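First the structure, in the form of structure tokens, and then the observations on it.
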Amino acid sequence: MTAPSSCPHTERKEGVCVVCGDCLHEVILNGACFLCGTTELDPVALSPKKSGLIAPEKLVRKK
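In structure tokens, the structure reads:
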């Protein structure tokens, strides 16, 4: 669900890099990241995407 990070470090604690502080923004509450507090998040980019296809069984009329 998260965008790839530009942080080259591998050690993270709860999604936040222990070296440079880069955050994965995995927990969003009320428009802000729970882990780092930033509010500069794009809600459209972070929102889950719905599939554009409708399952064939949903297209059949019920009799």
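With our numbering applied, the sequence shown closes on residue 134, and no number is skipped along the way.
For each residue, glycine too, the CB sits at the ideal point set by N, CA and C.
Bear in mind that the values here come from a model prediction, so they are computed numbers and not experimental data.
Let me check one thing: in DSSP terms, what residues is residue i bridge-paired to?
i	result
Ile99	Cys104
Cys94	Val87
Helix or strand or just coil, what does DSSP make of residue i?
i	result
Val87	strand
Ala116	helix
Leu130	helix
Does the beta-carbon of residue i have 16 or more other beta-carbons within 10 angstroms, so that it is buried, or is it exposed?
i	result
His80	exposed
Cys91	exposed
Leu95	buried
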